[in-house]
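Those sequence lines, one after another, are chains L and P.
Going left to right, the first sequence walks through residues 398 to 670 as our numbering numbers them.
Going left to right, the second sequence walks through residues 109 to 465 as our numbering numbers them.
The beta carbon of each residue, even a glycine, is placed where N, CA and C say it ideally should be.
Please read these numbers as outputs of a predicted model, since none were measured by experiment.
For reference, the structure discussed in these notes is given below.
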Amino acid sequence: MTNRFRLGKNWLYLPLILMAVFYLIPLYVMLVTGFKSFAEVDLKTMWNLPNGIHFDNFVEAFSKLSPSLWNSFVMVIPAALISSGLGSLNGFILAKWKFRGADIIFPLILFGMFIPYQSILIPLVQFMNAAGIKGLPGLALAHIIYGIPITTLTFRNYYASLPQELLEAAKIDGADMLGIYRHILLPISLPSFVVVLIWQFTSAWNDFLFAVVLTGNTQWPITVALNNMAGSQIIAWNVQMAGSLLAALPTLLVYIFLGRYFLRGLLAGSLKG
Amino acid sequence: MTNDLVIQGLVKTFGKIRAIDNVSLTVKEGQLATLLGPSGCGKTTTLNAIAGLEIPDKGLIRVGDFALTDTGKGRILPPEQRQLGMVFQSYALWPHMKVADNVAFSLKLQKVKRDEIRKRVHEALDLVGLADLADRYPFQLSGGQQQRVALARAVVTRPRLLLLDEPLSNLDAKIRENARVWLRELQQRVGITTIYVTHDQSEAFAMSDMIAVMENGKLLQFAPPEELYASPATQFVAGFIGATSFLRGAVASVDGSRLTVRVANGDLLSLSDRSGKSWSQNQNVVIGIRSERVEMASGQKDNLLNAGVAVSTYLGSKWQHEVDTGSGRLKVETMDAAASDRLSLYLPPDSILLFPE
Numbered sequence: 398m399t400n401r402f403r404l405g406k407n408w409l410y411l412p413l414i415l416m417a418v419f420y421l422i423p424l425y426v427m428l429v430t431g432f433k434s435f436a437e438v439d440l441k442t443m444w445n446l447p448n449g450i451h452f453d454n455f456v457e458a459f460s461k462l463s464p465s466l467w468n469s470f471v472m473v474i475p476a477a478l479i480s481s482g483l484g485s486l487n488g489f490i491l492a493k494w495k496f497r498g499a500d501i502i503f504p505l506i507l508f509g510m511f512i513p514y515q516s517i518l519i520p521l522v523q524f525m526n527a528a529g530i531k532g533l534p535g536l537a538l539a540h541i542i543y544g545i546p547i548t549t550l551t552f553r554n555y556y557a558s559l560p561q562e563l564l565e566a567a568k569i570d571g572a573d574m575l576g577i578y579r580h581i582l583l584p585i586s587l588p589s590f591v592v593v594l595i596w597q598f599t600s601a602w603n604d605f606l607f608a609v610v611l612t613g614n615t616q617w618p619i620t621v622a623l624n625n626m627a628g629s630q631i632i633a634w635n636v637q638m639a640g641s642l643l644a645a646l647p648t649l650l651v652y653i654f655l656g657r658y659f660l661r662g663l664l665a666g667s668l669k670g
Numbered sequence: 109m110t111n112d113l114v115i116q117g118l119v120k121t122f123g124k125i126r127a128i129d130n131v132s133l134t135v136k137e138g139q140l141a142t143l144l145g146p147s148g149c150g151k152t153t154t155l156n157a158i159a160g161l162e163i164p165d166k167g168l169i170r171v172g173d174f175a176l177t178d179t180g181k182g183r184i185l186p187p188e189q190r191q192l193g194m195v196f197q198s199y200a201l202w203p204h205m206k207v208a209d210n211v212a213f214s215l216k217l218q219k220v221k222r223d224e225i226r227k228r229v230h231e232a233l234d235l236v237g238l239a240d241l242a243d244r245y246p247f248q249l250s251g252g253q254q255q256r257v258a259l260a261r262a263v264v265t266r267p268r269l270l271l272l273d274e275p276l277s278n279l280d281a282k283i284r285e286n287a288r289v290w291l292r293e294l295q296q297r298v299g300i301t302t303i304y305v306t307h308d309q310s311e312a313f314a315m316s317d318m319i320a321v322m323e324n325g326k327l328l329q330f331a332p333p334e335e336l337y338a339s340p341a342t343q344f345v346a347g348f349i350g351a352t353s354f355l356r357g358a359v360a361s362v363d364g365s366r367l368t369v370r371v372a373n374g375d376l377l378s379l380s381d382r383s384g385k386s387w388s389q390n391q392n393v394v395i396g397i398r399s400e401r402v403e404m405a406s407g408q409k410d411n412l413l414n415a416g417v418a419v420s421t422y423l424g425s426k427w428q429h430e431v432d433t434g435s436g437r438l439k440v441e442t443m444d445a446a447a448s449d450r451l452s453l454y455l456p457p458d459s460i461l462l463f464p465e
């Protein structure tokens, strides 16, 4: 490796660091404001560090938001699990058990990815009312169905990359279709599951629009509750910021702990054995 | 009741291509039969039809009384109900399972008791000499070890039929030769009826009780290796097996199975025909000559062939010459270098094969 090349590589860090700093500015404001007292919160001093560490904002935010945090978990976890499971089954059938018309159905499923949330809001609410599915279960159902295209795509592409002989060997050894899925494909695709679960967890957790039209105030997930915590006259920005941090924490933790599986899983389809 | 493998009238078409064209053969219980032929000849399709991975258009496949496929009765067992063992070209070991779990898989599906599974997995791994690698993952094994695990997995259920799809083709040349001796010995020890697919004729000769030579979906000849070598049924079989050169000629005289053939340069060659076909005088024919049987003439009066040397190649243990006979080129091997650019070659009568043109 030449010196010039090494120098060039080091210079690469500068824009990367700048971009990271830029990206982290909102997080900085959120953090410092979350630790300030109400009196300290002012536009003029928004960049300053707090005078002291005030945990009471977090305590207050948590006491206000904890029911909706719980609502979010109750809605998001089953939604992520079920849509991943369905996507995996779809992917298995579409990649390895091709039936007549499979190549038409697959793009049709993918088409679902491009439908904007806004365009289906009214029919969605009407459908949920007509079907009598209220509140969180309805919200979970909406996320499950909206997740199916992306989960199906991920799993189908991964399964399509697996050699057919892997499945044929299981057939010869006496496994039927479900046996092959359960004993071979399901365990092999755990990395893909991590990717899809993280993806689904994040998108369902961060969703605001579906949540606000499908749930009432006892069932608000965290995003809606956070928005509604701001009073109509005075906004306690310090508590609001502490609440935002609480709302972002679960997805942040998911990425920190599962992030490397995420990358590994994203690559799983493209790398061999 | 013997458990011979019987295949009758097997047909499989892909569009207009007849991948298997009316193939019938019977493999005796405990024997190893090889499907041999160039790629695209239908050998793997035939194997997959036996395995149930390919559904034939027509035909019967049974082991003893147990029908695997019988299109006449609309019976086509799915692979998982055929009770076979199979080794794939890629071995197809499941990467997320340890060696022991790979081998145990079929027994677990059959709900065999846990102790029994452990015993039989150990037996199978012991058979292939890998009992101490039971706790490894497939990616931790060499190619040869993976191949043996695949074999252990295939025989652990004591299947009625073992199918091997070019199991040695991914091994290095050196390991491959050891592996085929080892594999043959193991097959005979277990006494399991085996179908072996390969495009490698030396592998087929080294391992088989019977060899089926296929071309374009057709079964050309099904015979023991010695017979296949001594009297190949067609010119294609003769060309595919051993180093055979072909010369054009015409029948000069017929006396029962004793014939004389005149080749283009006027030399007369007498031979004994083993095909049982009938021949007539002046009929145009092709003769096949095994280059390893050709000798330098040393005092013989008959069956001499005069030819000019075109190319000589030194191979270390022997010389190989390509000679021009005037009716086609001929490859011959000699111990010594050619003394002149014209050779007088002696062709023993039983080394010459006769085919209609």
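- If you check the CB distance, residue 402 of chain P and residue 461 of chain P do not come in under 7 Å.
- Residues of the segment 582-607 of chain L with a C-beta atom less than 7 Å from some C-beta of chain P are 584, 585, listed in chain order.
- Here residue 394 of chain P is near residue 463 of chain P, since their CB atoms are less than 7 Å apart.
- An exposed status is given to residue 443 of chain L, since fewer than 16 other beta-carbon atoms sit within 10 Å of its beta-carbon.
- Rounded to whole angstroms, the separation of the alpha carbons of residue 329 of chain P and residue 487 of chain L is 46 Å.
- For residue 232 of chain P, the closest Cβ of chain L is not nearer than 7 Å.
- Residues of the segment 568-580 of chain L whose Cβ lies closer than 8 Å to any Cβ of chain P, in chain order: 568, 569, 570, 571, 572, 573, 576, 580.
- Residues of chain L with a Cβ closer than 7 Å to the Cβ of residue 159 of chain P are, in chain order, 569.
- With contacts defined by Cβ atoms closer than 7 Å, residue 274 of chain P and residue 288 of chain P do not form a contacting pair.
- Here DSSP, grouped into helix, strand and coil, assigns residue 440 of chain L to helix.
- With contact defined as three or more Cβ pairs closer than 8 Å, the segment 329-345 of chain P and the segment 289-306 of chain P are not in contact.
- The alpha carbon of residue 245 of chain P has as its nearest neighbour, out of P/223, P/228, P/206, P/283, the alpha carbon of P/206.
- At a C-beta separation below 9 Å, residue 122 of chain P has no neighbours in chain L, since its nearest C-beta there lies roughly 16 Å away.
- Using a Cβ-Cβ cut-off of 7 Å, residue 539 of chain L does not count as an interface residue toward chain P, since no Cβ of chain P sits closer than that to its own.
- In the three-state reduction of the DSSP assignment, residue 199 of chain P falls in the coil class, being assigned neither a helical nor a strand state.
- Contact check for residue 541 of chain L against residue 479 of chain L passes: the beta carbons are separated by less than 7 Å.
- Scanning the segment 336-411 of chain P from its first residue to its last, the whole alpha helix (DSSP H) runs of 4-plus residues come out as 343-348.
- Around the C-beta of residue 637 of chain L, 16 or more other C-beta atoms lie within 10 Å, and the residue is accordingly described as buried.
- The C-alpha of residue 414 of chain P is placed about 11 Å away from the C-alpha of residue 435 of chain P.
- With a threshold of 7 Å between beta carbons, residue 443 of chain P makes no contact with chain L.
- According to DSSP, residue pairing for residue 429 of chain P in a beta bridge involves P/420, P/440.
- Counting only the Cα atoms, residue 611 of chain L lies some 38 Å from residue 447 of chain L.
- Taking 7 Å as the threshold, the shortest C-beta distance from residue 446 of chain L to chain P does not fall below it.
- From the listed residues P/455, P/157, P/135, the smallest Cα separation to residue 325 of chain P is found for P/157.
- Note on residue 456 of chain P: under 16 other CB atoms within 10 angstroms of its CB, so exposed under the neighbour-count rule.
- Across the structure, residue 578 of chain L and residue 567 of chain L are spaced so that their CA atoms are roughly 10 Å apart.
- At the C-beta level, residue 622 of chain L and residue 536 of chain L stay beyond 7 Å of one another.
- Residue burial annotation: residue 561 of chain L is exposed, with fewer than 16 other C-beta atoms found within 10 angstroms of its C-beta.
- DSSP places residue 300 of chain P in the coil class of the three-state scheme, outside both helix and strand.
- In the DSSP assignment, residue 144 of chain P falls within the beta strand (DSSP E) that extends over 140-144.
- Look at residue 496 of chain L here: in three-state DSSP terms it is coil, with no helix or strand label.
- For residue 155 of chain P, the enclosing alpha helix (DSSP H) stretches over residues 151-159.
- The alpha-carbon of residue 485 of chain L is positioned some 15 Å away from that of residue 502 of chain L.
- The segment 641-656 of chain L makes no contact with the segment 125-137 of chain P; the number of CB pairs closer than 8 Å stays below 3.
- For the pair residue 143 of chain P and residue 113 of chain P, the Cα-to-Cα distance works out to about 14 Å.
- Around the beta carbon of residue 390 of chain P, fewer than 16 other beta carbons lie within 10 angstroms, which makes this residue exposed.
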